[in-house]
Amino acid sequence: MKILAIMGASKNGNTTEVINYFEKKLKQTMNCQFEYLYLSDYNIDFCTGCHNCIFDGEDKCPHFSEVQKIEDKILEVDGVILATPGYMFSVTGIMKNFLDHVAYNCHRPKYFGKKLFIIANCTKWQEESVFKPMETWAKGSGFSFVGKLYVDILPFPLKDKELDKRRNLIQKGARKFINELRRENQVNPTFGDIVTFHAFRTLSKIAPKILTADYKYYKDKGAFEKSSRWYISSNVSFIKHKGANIIEKKIEKEVSNMIDHDEMNEIEGRYKTNL
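Sequence positions in the sequence shown follow full-length UniProt numbering and run 1 to 275.
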């Protein structure tokens, strides 16, 4: 079993201390290879918002070579941990920059079968807003999102009973992650997951010359076939499929009504709206 901890934190701070303890508890119960990937070790410049990854393909990103190194590592492992302290009620800048660079996966997910767990070093007041960017990316990118926990490590000495609370919390999270890693992979998308598939599919069908990377992705997967229910073979009930199809038709109608189709037919490549 291979685990990759993607660290949006310093190498000697409280978040690393939490992950060290999490790793210790994992290895007490299961045999696994555990790797720390510190985002600070990768020379990824700020996302410029060029949207090349969305429209043209991730390999057109100016920082693709560095981002690909991380994504290749993710593809090699069974489980991923995203770890960050809470900064300004969100993830760290370096974690946000990473998520910005891999956000295209929410259009074209590929991490099916990978288990993902989120850990934040933050207070309970930050918890929800710190988790949200990581959880949104994980669910949109095809991961099986299996859990999350926050640990509030304070910058001063804690009593033993307070430290024990935190140790027990981390141990509980590690146990949950272990159970999910051992569980047989069964892809059971939620209704929201299915609707997302239908939405991106129909948008790429409406604008194939603009959303060229998305269109190719869905076409290659046979997603435009009537029988297609999701990105990969999975347990999608008739009712969920029918409901998602109804929503897809509504999306297609509403978007199509907003578009100038004469101008759309003349477009080759990217389009920018002028107000």
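In this text, a Cβ means the ideal position worked out from N, Cα and C, and glycines have one as well.
Under the 10 Å beta carbon count, Asp152 is surrounded by 16 or more other beta carbons and is classified as buried. Contact check for Phe46 against Asn97 passes: the beta carbons are separated by less than 8 Å.
Judged by DSSP secondary structure, Pro109 falls outside any beta strand (DSSP E); it is assigned neither H nor E. Ranking Glu184, Leu149, Arg183 by CA distance to the CA of Gln171 puts Leu149 first. Under the 10 Å beta carbon count, Leu154 is surrounded by fewer than 16 other beta carbons and is classified as exposed. In the three-state reduction of the DSSP assignment, Thr29 falls in the helix class.
The segment 74 to 86 makes contact with the segment 121 to 138, as at least three CB pairs between them are under 8 Å.
Ranked by Cα distance from Gln68, the first of Tyr87, Asn105, Thr92 is Asn105. In its chain, beyond the 5 residues on either side, Arg201, Ser204 have a beta carbon closer than 6 Å to the beta carbon of Tyr218. For Asn179, the enclosing alpha helix (DSSP H) begins and ends at 160 to 182. Non-local C-beta neighbours of Asp56 in its own chain, meaning closer than 7 Å and more than five positions away in sequence, comprise Thr212, Ala213, ordered along the chain. For Asp59, same chain residues with a beta-carbon under 7 Å away, outside a window of 5 residues either side, do not exist. Within the DSSP bridge table, the entry for Pro133 names no partner. For the segment 211 to 261, the full-length alpha helix (DSSP H) segments reaching 4 residues or more read 212 to 220, 238 to 258 along the chain.
The bridge partners DSSP lists for Gly79 are Ile3, Lys115.
Around the C-beta of Tyr271, fewer than 16 other C-beta atoms lie within 10 Å, and the residue is accordingly described as exposed. When only Cα atoms are considered, Lys242 and Asp220 end up about 23 Å apart. In the structure shown, Gly140 falls within a helical segment according to DSSP collapsed to helix, strand and coil. With a threshold of 16 other beta carbon atoms within 10 Å, Leu181 meets it and is buried. Cβ neighbours of Ala174 within its own chain (closer than 8 Å, five residues either side excluded): Phe22, Lys25, Leu26, Thr29.
It is roughly 6 Å from the alpha-carbon of Phe34 to the alpha-carbon of Lys2.
According to DSSP, Thr84 shares a beta bridge with Ala120.
Under the 10 Å beta carbon count, Ile6 is surrounded by 16 or more other beta carbons and is classified as buried. Judged by DSSP secondary structure, Asp193 falls within the alpha helix (DSSP H) whose first and last residues are 191 to 206. Each residue's CA atom was taken as its position, placing Ile246 and Asn179 some 37 Å apart.
Excluding its 5 nearest sequence neighbours in each direction, Tyr42 has C-beta neighbours in its own chain below 6 Å: Glu66, listed in chain order. Between Lys115 and Val146 the beta-carbon gap is near 5 Å, inside 8 Å, which marks them as a contact. With 16 or more other Cβ atoms inside 10 Å of its own Cβ, Asp193 counts as buried. Lys148 sits in a strand when the DSSP states are folded into three classes.
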